[in-house]
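> Just so we're aligned: the sequence shown equals residues 212 to 418 in my numbering.
We put the CB at the ideal spot given by N, CA and C, even for glycine.
Note that the structure is predicted; figures quoted are calculated from it, not measured.
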Amino acid sequence: MQVQENDFTGDGKKDELYIKFHLNIPPDRTVSSILLILSLDFQLKTICPLQMQSLALITKEFVIPPSELIFHGDLNFYQTTHLPCEWFNQDTKYNRSLFEIEKWESYMSIDHYLSDYFHREVTTEVRTINSRTYNGQTDSMTVQVHLRIPEMQIRYTPSILEEFKWAWPQYLSFVVIFHWFFNKVKEFIFTNRLLMSWKVQSWKTFE
Numbered sequence: 212m213q214v215q216e217n218d219f220t221g222d223g224k225k226d227e228l229y230i231k232f233h234l235n236i237p238p239d240r241t242v243s244s245i246l247l248i249l250s251l252d253f254q255l256k257t258i259c260p261l262q263m264q265s266l267a268l269i270t271k272e273f274v275i276p277p278s279e280l281i282f283h284g285d286l287n288f289y290q291t292t293h294l295p296c297e298w299f300n301q302d303t304k305y306n307r308s309l310f311e312i313e314k315w316e317s318y319m320s321i322d323h324y325l326s327d328y329f330h331r332e333v334t335t336e337v338r339t340i341n342s343r344t345y346n347g348q349t350d351s352m353t354v355q356v357h358l359r360i361p362e363m364q365i366r367y368t369p370s371i372l373e374e375f376k377w378a379w380p381q382y383l384s385f386v387v388i389f390h391w392f393f394n395k396v397k398e399f400i401f402t403n404r405l406l407m408s409w410k411v412q413s414w415k416t417f418e
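Pasting the structure below:
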């Protein structure tokens with residue numbers, strides 16, 4: 212099995228996850244479909260630190276037993292609610308094993324774990340771009356997966372510090388404009404003597 216993370220842009224961020232492996236198929240068996248479950252360590256390291264164990268699911272059905280599958284897709288971030296945002300506190304709510312062998316019960320099938328995963332507030336999902344199959348010898352099968360990791364949009368609830376960071380330039384610009392306008396009005400009023408005013412001079416003391 213071959214697993215490789217590629218950084219095509221050289222910015223230190225992973226752009227693609229490449230996986231390749233071979234399956235040996237018994238003579239009395241044929242492959243009619245495939246369900247590939249990839250366990251991922253997903254992390255966000257920017258405004259809202261997050262680390263979780265997630266899945267990438269790839270399904271494919273075959274009319275003719277294949278000898279090779281080449282899959283291209285995008286790994287997307289999916290959320291049903293806004294993320295809590297605390298710069299100095301990493302969210303590890305879902306940073307736990309999705310398949311705990313110690314707690315495996317006879318009544319728990321793979322569908323049970325997938326159902327539990329899909330009920331989470333944040334998950335990862337795979338969007339298919341293109342998949343191609345090749346027919347040939349059916350005693351083995353090669354699977355190649357190319358998962359791009361594009362830029363992702365994250366919805367989050369900003370903290371007080373985050374709100375202040377973005378709000379203070381707006382408040383400051385408003386104060387500057389108000390101060391300039393007030394000085395202009397004051398200058399106009401007193402220059403044109405629209406209000407009666409007196410200059411108060413303190414008494415001079417003579418010795």
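1. Excluding five sequence neighbours on each side, which residues of the same chain lie with their C-beta closer than 8 Å to the C-beta of Glu279?
2. From the DSSP output, in three-state form, read off Tyr305 for me.
3. May I ask which residues mark the beginning and end of the beta strand (DSSP E) holding Ile245?
4. At which residues does the beta strand (DSSP E) containing Phe288 begin and terminate?
5. With a cut-off of 8 Å on the beta carbons, I'd call Phe288 and Thr335 a contact; round off their distance for me.
6. Rounded to whole angstroms, what's the CA-CA distance from Tyr229 to Glu297? Just pull it up for me.
7. With H, G and I counted as helix, E and B as strand and the rest as coil, what does DSSP make of Asn403?
8. Could you tell me whether the stretch 262-275 touches the stretch 234-253, where touching means 3 or more Cβ pairs closer than 8 Å?
With the given structure in hand:
1. Stepping through the sequence shown from its first residue, residue 279 is reached at position 68. Its chain contains Thr344, Tyr345, Gly347, Met352, Thr353, Val354 and Gln355 as the residues whose beta carbon lies nearer than 8 Å to that of Glu279, once the 5 sequence neighbours on both sides are disregarded; these appear in chain order.
2. On the sequence shown, residue 305 is found 94 positions in, with the first residue counted as 1. The DSSP-derived three-state label of Tyr305 is coil.
3. Position 34 of the sequence shown, counting from 1, holds the residue named residue 245. Unbroken beta strand (DSSP E) run through Ile245: Ser244 to Leu255.
4. Here residue 288 refers to the residue found at position 77 when the sequence shown is read from its first residue. Secondary structure note for Phe288: its beta strand (DSSP E) is the uninterrupted segment Glu279 to Gln290.
5. As a first step, residue 288 must be located in the sequence shown, where it is residue number 77. As a first step, residue 335 must be located in the sequence shown, where it is residue number 124. At roughly 6 Å, the Cβ-Cβ gap stays under 8 Å, so Phe288 and Thr335 are in contact.
6. The residue labelled residue 229 in the question sits at position 18 within the sequence shown. The residue labelled residue 297 in the question sits at position 86 within the sequence shown. Distance between the alpha carbons of Tyr229 and Glu297 is about 32 Å.
7. Translated into positions along the sequence shown, residue 403 becomes position 192. In the structure shown, Asn403 sits in coil (DSSP, three-state: anything other than H, G, I, E or B).
8. The stretch 262-275 and the stretch 234-253 touch, with no fewer than 3 CB-CB distances between them shorter than 8 Å.
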